[in-house]
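Protein chains: 2
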Amino acid sequence: MTDINKANEQAVSRMMEARPILKGVAPARDVIPGMKPNLLLHAGPPIEWARMSGPLRGAVIGALIFEGLAKTEQEAVALVEKGEIEFAPCHHHDTVGPMAGVTSSSMMVYILENETHGNKAYSNLNEGYGKVLRYGAFSEEVIAKLRWMNESMGPLLAKAIEASGGIDIRTLLSESLHMGDEGHNRNKAGSIIYTAKLAPWIAKVAADNDVESEVLKALGENALSVLNPVMAACKAMSASAHGVEGSTMVTTMARNGTDFGMRVSGLGDQWFTAAAEVPDGLYFPSFTSKDANPDIGDSTITETAGIGAFAMAAAPAIVTFVSGTPQDALNATLEMYEITIAEHSHFTIPQLEFRGTPTGIDIRKVVELGITPRVNTGIAHREAGVGQVGAGLVRPPMKIFEDALIAYAQHYNL
Amino acid sequence: MTDINKANEQAVSRMMEARPILKGVAPARDVIPGMKPNLLLHAGPPIEWARMSGPLRGAVIGALIFEGLAKTEQEAVALVEKGEIEFAPCHHHDTVGPMAGVTSSSMMVYILENETHGNKAYSNLNEGYGKVLRYGAFSEEVIAKLRWMNESMGPLLAKAIEASGGIDIRTLLSESLHMGDEGHNRNKAGSIIYTAKLAPWIAKVAADNDVESEVLKALGENALSVLNPVMAACKAMSASAHGVEGSTMVTTMARNGTDFGMRVSGLGDQWFTAAAEVPDGLYFPSFTSKDANPDIGDSTITETAGIGAFAMAAAPAIVTFVSGTPQDALNATLEMYEITIAEHSHFTIPQLEFRGTPTGIDIRKVVELGITPRVNTGIAHREAGVGQVGAGLVRPPMKIFEDALIAYAQHYNL
């Protein structure tokens, strides 16, 4: 037991000491290890086409059209069914993607570097609200937006981030948690901190006033523009805590829209999976829970790293779009202290007298107390091509924690 | 009594319905009514040179050097002592200025227009931290910064704000109160919202990438860059509530570093004044309360309009620089409900289940309950030429409320 606690202390310390810096933007094929033209990365644990949910299928179709590998939905589906496209979890390639998380070889991605331990992580650019690929939409306007992001926004961001010398995302998160964000579903403050930090560098390197203006507008008006760098930062942090011999700390939680998957620091690359649940939440006008797809996305990397629903006490205003009251938000954080290893040394909550956020989920505590982690999330329509229908709260299935604990006992001969 | 309550309802409703829009930036002489070359506006109630405190004297000296009316401190003082310079409260010219508040005819000022009632208000540009005129510093670097603000920043802001069509400061404040600001001493969120909103317009109109980059950096890195438009917005709101026959609502609170002054909606232009107190707070390294000047600045217009210390419950992180605990911040707001007329219809506090901020100080309640308004403030060194030494909390003297209540009884023959 002492050894397990020691291993967990080591894992959580590595995660908190990791200092992820946003270092650049580049095409996925140039930077993501193992990326290739016929490979699509997706959110969550591994899954084959036959079992993919509507929004993930929609995003696959859109990505193939975006890549020029198919012209229509039918062509895209045929290509996949002929076995010409390979799929792999983002997490197998040091990458994370919100919602469907589909990342293809031409897409511009953020490059995060953990300056403490040297590992890198990647995430695509955020598309904003409305009809977007990550929620499974793939109409012409979706593809046009992706092209603009790749051809206008991405290159300008790349130049500006390079000129800036890098943006410390851990510091940005520390600030944004003092400004009403929880870093997952509410990134309002973080996104404008990000915009304000980049703006002087964008101004310095921009060649065209109109493109520059459009990019600054897209960054500043999208309350999720920093979500993707934040997710990649959380990935860089949690990845540095993976592989600590004997640790029962969770280092990955991710959903593909069908399964919820988890990995544990001391249990190698094995995924523990079970059916993903449908979130409880607030729906956009004309939609109900009947339209909702089960839980999807790699954004649970935020809760894995000690923010998101775990930091909800810092974000009382979030209840206006995920449901509940400010007291519920406070209680969410307080409950998560029960199942975590540490209080974060960099992420603090003013509302709780600057207590560190609950950080590092211990699978032993989850099973012993019967308390699963809390997750804030967007809700996708269950059919391909529709998009977001709401936002809410969800938890992973208890089964994955029980399975992991059994696997742990077997692996370590307990 | 019913009539007084009715008058107060009318006054507070006018204040809350006022919708101040930032419409432009221009030299004070071109827009502020009655502005002229030998006139200096200052914070607080009227005061003559002989009674001015150190920081106000310092700012007067700096402004005269900035205007080219004097070359040295000695020349500036001689000019004033010869009676060549006129002084008037900013408030007599629809203007407000933080700390010393000294505003001279060449200085670029923000123009706020209340679109509901048509009145306008003005405030100078914020200089940022360190050695600044508003804290009474007047060294060469202070003057150089003022010149850069007037020649580079001001004209670019003017063009960008015009291109934007105007920025709704009431909406900005509603958002920033959900992001940990209270709008007076903590404007971290508001300042980056402001930067992010202006950035696309600055990008559109900028002619020089380097100037543009410097301006965006100055706006985004100064956590007080939006304070001055916010103060002018509060002035536009409270001015629209002034002059309501029979109302006991406070429409001005302002300090000149020597006296704390107040005006009441139903009592015309009469100032009620008493000696300003020294704030309680946290001091910068090497300074103590012995270095502190008494309370100074027009920024109490924020508390007058229902934000600032009145909204402190929304800003738990502020205690790191004004002292106290997050619970104290909550209690500050709760106490202010005791002496106010309404809960604000646009400014709400997530931490209090989205309750409106306490708005519209009733001098009757202040005297009856013995509770004076709370104020968050910066603290200036008591000598000319030094600058800021800390930040903290203060209250106006009870005497001005008692005097006002007596004047009210006399005026209305009660």
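Chains as they are written, first to last, in the numbering used here: chain A, 10 to 423; chain B, 10 to 423.
Where a beta carbon is used, it is the ideal one built from N, C-alpha and C, also for glycine.
Next item on the list: Within 10 angstroms of the Cβ of Ile415 (chain B), are there 16 or more other Cβ atoms? Answer buried if so, exposed if not.
Entry: Locating residue 415 (chain B) in the second sequence gives position 406, where the first residue counts as 1. Result: exposed.
Note to self: I'd like to confirm the pairing. Which residues does DSSP put opposite Pro36 (chain B) in its beta bridges?
What the structure shows: Taking the second sequence and counting its residues from 1, one reaches residue 36 (chain B) at position 27. Answer is B:Met117.
Notebook entry, point to check: For Ala37 (chain A), does the count of other Cβ atoms within 10 angstroms reach 16, so buried, or fall short, so exposed?
Noted result: For the purposes of this step, residue 37 (chain A) is identified with residue 28 of the first sequence, where counting begins at 1. Ala37 (chain A) comes out buried.
Check: Which word fits Gly77 (chain B), buried or exposed, when buried means at least 16 other C-beta atoms lie within 10 angstroms of its C-beta?
Finding: The sequence position of residue 77 (chain B) within the second sequence is 68, counting from 1. Result: exposed.
Notebook entry, point to check: By the 10 Å Cβ neighbour count, where 16 or more other Cβ atoms means buried, how is Thr334 (chain B) classified, buried or exposed?
Noted result: Mapped onto the second sequence, residue 334 (chain B) falls at position 325. Thr334 (chain B) comes out exposed.
Notebook entry, point to check: Taking the beta strand (DSSP E) that Thr349 (chain A) falls in, what are its first and last residues?
Noted result: One-based indexing of the first sequence puts residue 349 (chain A) at position 340. Here the beta strand (DSSP E) through Thr349 (chain A) covers Thr349 to Ile358.
Checklist line | With 16 other Cβ atoms within 10 Å as the buried cut-off, status of Leu378 (chain A) | finding: Here residue 378 (chain A) refers to the residue found at position 369 of the first sequence. Answer is exposed; the Cβ neighbour count stays below 16.
Margin query: Between which residues of its own chain and Ala341 (chain A) is the CB-CB distance below 6 angstroms, once the five residues before and five after are set aside?
Written below: Walking along the first sequence from the start, residue 341 (chain A) turns up at place 332. The residues are Ala318, Met321 and Arg383.
Notebook entry, point to check: Under the rule that 16 or more other beta-carbon atoms within 10 Å means buried, what is Gln336 (chain A), buried or exposed?
Noted result: For the purposes of this step, residue 336 (chain A) is taken as the residue at position 327 of the first sequence. Exposed: under 16 other Cβ atoms inside 10 Å.
Checklist line | Contacts of Thr366 (chain B) in chain A (Cβ-Cβ under 8 angstroms) | finding: Counting from one through the second sequence, the residue named residue 366 (chain B) turns up at place 357. Residues of chain A passing the Cβ test: none, with the nearest at roughly 14 angstroms.
Notebook entry, point to check: With distances taken between CB atoms, is the gap from Ser113 (chain A) to Leu49 (chain A) smaller than 9 angstroms?
Noted result: Within the first sequence, residue 113 (chain A) is the residue found at index 104, counting from 1. Within the first sequence, residue 49 (chain A) is the residue found at index 40, counting from 1. Yes, Cβ-Cβ distance for Ser113 (chain A) and Leu49 (chain A) is below 9 angstroms.
Note to self: Just checking: is the beta-carbon of Val235 (chain B) within a distance shorter than 9 angstroms of some beta-carbon in chain A?
What the structure shows: Within the second sequence, the letter at position 226 stands for residue 235 (chain B). It does not: the Cβ of Val235 (chain B) has no partner Cβ on chain A nearer than 9 angstroms.
Next item on the list: Taking C-beta pairs closer than 8 angstroms, name the residues in chain B that Gly189 (chain A) reaches, listed in chain order.
Entry: Within the first sequence, numbered from 1, the residue matching residue 189 (chain A) stands at position 180. Simply His187, Met188, Gly189, Ala198 and Pro359.
Next item on the list: Give a yes or no on whether the C-beta atoms belonging to Met240 (chain A) and Gly106 (chain A) are separated by under 9 angstroms.
Entry: As a position in the first sequence, residue 240 (chain A) is number 231, starting the count at 1. As a position in the first sequence, residue 106 (chain A) is number 97, starting the count at 1. Their beta carbons are under 9 angstroms apart, which means Met240 (chain A) touches Gly106 (chain A) by this criterion.
Check: Does the separation of the CB atoms of Val375 (chain A) and Thr381 (chain A) fall below 9 angstroms?
Finding: Translated into the one-based positions of the first sequence, residue 375 (chain A) becomes position 366. Translated into the one-based positions of the first sequence, residue 381 (chain A) becomes position 372. Yes. Within cutoff.
Notebook entry, point to check: Taking DSSP as the reference, what is the three-state secondary structure of Ala413 (chain B)?
Noted result: Position 404 of the second sequence, counting from 1, holds the residue named residue 413 (chain B). DSSP places Ala413 (chain B) in helix when its eight states are reduced to three.
Check: For Gly315 (chain B) and chain A, any beta-carbon pair shorter than 9 angstroms?
Finding: Here residue 315 (chain B) refers to the residue found at position 306 when the second sequence is read from its first residue. No, because no Cβ of chain A sits closer than 9 angstroms to the Cβ of Gly315 (chain B).
Note to self: Can you confirm whether the stretch 261 to 270 of chain B touches the stretch 294 to 305 of chain B when touching is taken to mean that 3 or more C-beta pairs between the two stretches lie within less than 8 angstroms?
What the structure shows: At 8 angstroms Cβ cutoff, the stretches touch.
Next item on the list: Grab the span of the beta strand (DSSP E) containing Phe96 (chain A) for me, first residue to last.
Entry: Along the first sequence, one-based indexing puts residue 96 (chain A) at 87. It spans Glu95 to Pro98 - the beta strand (DSSP E) in which Phe96 (chain A) sits, taken as one unbroken run.
Notebook entry, point to check: Is the stretch 172 to 182 of chain A touching the stretch 228 to 247 of chain A in the sense that three or more CB pairs, one from each, lie closer than 8 angstroms?
Noted result: When C-beta atoms of the stretch 228 to 247 of chain A are compared with those of the stretch 172 to 182 of chain A, three or more pairs fall below 8 angstroms, so the two segments count as touching.
Check: Which whole runs of the alpha helix (DSSP H) in the stretch 256 to 314 of chain B are 4 residues long or more, in chain order?
Finding: 310 to 313
Margin query: Let me check you understand the geometry: is the CB of Met25 (chain B) closer than 8 angstroms to at least one non-hydrogen atom of the ligand FMN?
Written below: Although the ligand FMN was asked about, the structure shown includes no ligands whatsoever.
Item checked: Nonlocal neighbours in the same chain, by C-beta distance under 7 angstroms from Gly290 (chain A), ignoring five residues either side -> As a first step, residue 290 (chain A) is located in the first sequence; it is residue number 281 there, counting from the start. Excluding the 5 residues flanking it on each side, Gly290 (chain A) has same chain C-beta neighbours closer than 7 angstroms at Val331, Ser332, Ile388, Gly399, Ala400, Gly401 and Leu402, in chain order.
Notebook entry, point to check: Taking only beta-carbon atoms, is Ala215 (chain B) less than 9 angstroms away from chain A?
Noted result: In the second sequence, counting from the first residue as 1, residue 215 (chain B) sits at position 206. Yes - at least one Cβ of chain A is within 9 angstroms of the one on Ala215 (chain B).
Check: So which residues of chain B does Ser222 (chain A) contact, with C-beta pairs closer than 7 angstroms?
Finding: Your numbering for residue 222 (chain A) matches position 213 in the first sequence. Near Ser222 (chain A) (Cβ distances below 7 angstroms), the residues of chain B are Pro209, Ala212 and Lys213.
Check: Applying the criterion that 16 or more other CB atoms from any shown protein chain within 10 Å of the CB defines a buried residue, is Gly315 (chain A) buried or exposed?
Finding: As a working note, residue 315 (chain A) is residue 306 in the first sequence. Burial state of Gly315 (chain A) is buried, judged by a 10 Å Cβ sphere holding 16 or more other Cβ atoms.
Checklist line | Whole-angstrom C-beta distance between Leu31 (chain A) and Tyr425 (chain A), which should lie under 8 angstroms | finding: A query on residue 425 (chain A) cannot be resolved here, the shown segment of chain A reaching from 10 to 423 and no further.
Notebook entry, point to check: Going by Cα to Cα distance, which pick from B:Tyr292, B:Lys299 and B:Arg23 is closest to His126 (chain B)?
Noted result: Here residue 126 (chain B) is taken as the residue at index 117 of the second sequence, counted from 1. If we check each option's Cα against that of His126 (chain B), B:Arg23 comes out closest.
Item checked: Rounded C-alpha distance that separates His353 (chain B) from Glu26 (chain B) -> The sequence position of residue 353 (chain B) within the second sequence is 344, counting from 1. The sequence position of residue 26 (chain B) within the second sequence is 17, counting from 1. Computed Cα separation, rounded: 10 angstroms.
Next item on the list: Please classify Ser132 (chain A): does DSSP put it in a helix, a strand, or coil?
Entry: In the first sequence, counting from the first residue as 1, residue 132 (chain A) sits at position 123. Strand, per DSSP.
Next item on the list: Show which residues of chain D have a CB atom less than 9 angstroms away from the CB atom of Asn194 (chain A).
Entry: The structure shown contains no chain D; the protein chains it does contain are A and B.
Notebook entry, point to check: So, does the CB of Phe363 (chain B) fall closer than 9 angstroms to a CB anywhere in chain A?
Noted result: Numbered from its first residue, the second sequence carries residue 363 (chain B) at position 354. Yes, its Cβ sits closer than 9 angstroms to a Cβ of chain A.
Checklist line | Reference Gly43 (chain B), options B:Ala97, B:Ile152, B:Asp307 and B:Gly53, closest by Cα | finding: The count along the second sequence starts at 1 and reaches residue 43 (chain B) at position 34. Taking only the C-alpha atoms, the option nearest Gly43 (chain B) is B:Ala97.
Checklist line | Residue(s) in a DSSP beta bridge with Ile370 (chain A) | finding: Mapped onto the first sequence, residue 370 (chain A) falls at position 361. For Ile370 (chain A), which the question treats as bridged, DSSP gives the partners A:Thr349.
Notebook entry, point to check: Taking Cβ-Cβ distances below 9 angstroms as the criterion, which residues of the stretch 143 to 167 of chain A are in contact with chain B?
Noted result: none
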